[in-house]
Ligand code: KIV
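In the working numbering, the protein residues as written are 40 to 301.
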């Protein structure tokens, strides 16, 4: 997978599969799978570090996790998320973040929104770094959005989403994440753009889909939004394995002689 394949896959109507990863062991499994590419999302603040939003993620944390994913998946196309405010403090700090993520092993960066940072997006693209846009529910703006809720339901907001998507294409983005928008808007935007849309809670009309790894593996037993499909009961599967290990330690059936040195 290279950045060129994104547009090609859209033209050939081949859906693009994207998944988040934040560490080397899951990245290694993903690289062996059929999934097309990996996002080191700032959702890692929540999934890996237990925060209740993505806001605590900073550039150094994103770079550490991006480097870990690159070590596990040396051949994969990896997108690194630009964290909260990292592209809102001016061009130099924004480019320092881009530098850190790319030097940590990303092939592209993703950033949320467009209003007020169109020029920064253009500058990153002109610097030779592919940019993925992200509109709809933009979790870094959760405080302004008043919670994690579907975006673009009202006509005016839908119109703004379409304008933003076209603006991101115009600014040079190679792809756009559409998060939590009505399926009709996801389809309309996907049809209007020549670059692929990657949906998360944006319906089946998008050119690809992304899910958070912990969600799709059912590792989070407290939270399951409508748009998530779980492919295993990870929480209970792991809990069972932990309990079996605990049982074996306590009944002295682990370790056996063959698991011990002579
Ligand atoms: O941070 C993230 O994981 C994301 C996806 C939800 C698209 O931005």
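We put the CB at the ideal spot given by N, CA and C, even for glycine.
If you're wondering where the values come from, they're calculated on a predicted model, not measured in any experiment.
- In this structure, residue 228 places its C-beta atom within 8 Å of the C-beta atom of residue 201.
- Exclusion of the five residues before and after residue 92 leaves 181 as the residues of its chain whose Cβ lies within less than 6 Å of its Cβ.
- Taking the Cβ of residue 174 as the reference point, every heavy atom of ligand 1 lies at 7 Å or farther away.
- With fewer than 16 other CB atoms across the displayed protein chains lying within 10 angstroms of its CB, residue 279 is exposed.
- Per the C-alpha coordinates, the member of 245, 252, 287 positioned closest to residue 53 is 245.
- The Cβ-Cβ distance between residue 249 and residue 216 falls below 8 Å.
- Relative to ligand 1, residue 218 has its C-beta within less than 7 Å of a heavy atom.
- With a 10 Å radius around the Cβ and a threshold of 16 neighbouring Cβ atoms, residue 146 comes out buried.
- Shown here, residue 114 sits in coil according to DSSP, grouped into three states, outside any helix or strand.
- As a beta-bridge residue in DSSP terms, residue 120 pairs with 149.
- Residue 81 counts as buried, since no fewer than 16 other beta carbons sit within 10 angstroms of its beta carbon.
- Here the alpha carbon of residue 300 sits roughly 16 Å from the alpha carbon of residue 292.
- For residue 85, the enclosing alpha helix (DSSP H) starts and ends at 83-86.
- Checking the 7 Å criterion, the Cβ of residue 150 is out of range of every heavy atom belonging to ligand 1.
- Judged by the Cβ position, residue 58 fails to qualify as a neighbour of ligand 1 at the 7 Å threshold, every heavy atom of the ligand being at least this far.
- The three-state secondary structure of residue 136, taken from DSSP, is helix.
- Annotation: residue 185 to residue 155 spans about 20 Å, alpha carbon to alpha carbon.
- When rounded, the separation of the alpha-carbon atoms in residue 259 and residue 284 is 21 Å.
- Distances from the CB of residue 164 to the heavy atoms of ligand 1 are all 7 Å or more.
- Under the three-state reduction of DSSP, residue 218 is assigned to strand.
- Assigned with DSSP and collapsed to three states, residue 43 falls in helix.
- Per DSSP, residue 173 is one residue of the beta strand (DSSP E) stretching across 170-175.
- If only uninterrupted beta strand (DSSP E) runs of at least 3 residues are considered, those enclosed by the segment 210-291 are 214-218, 236-239, 247-250.
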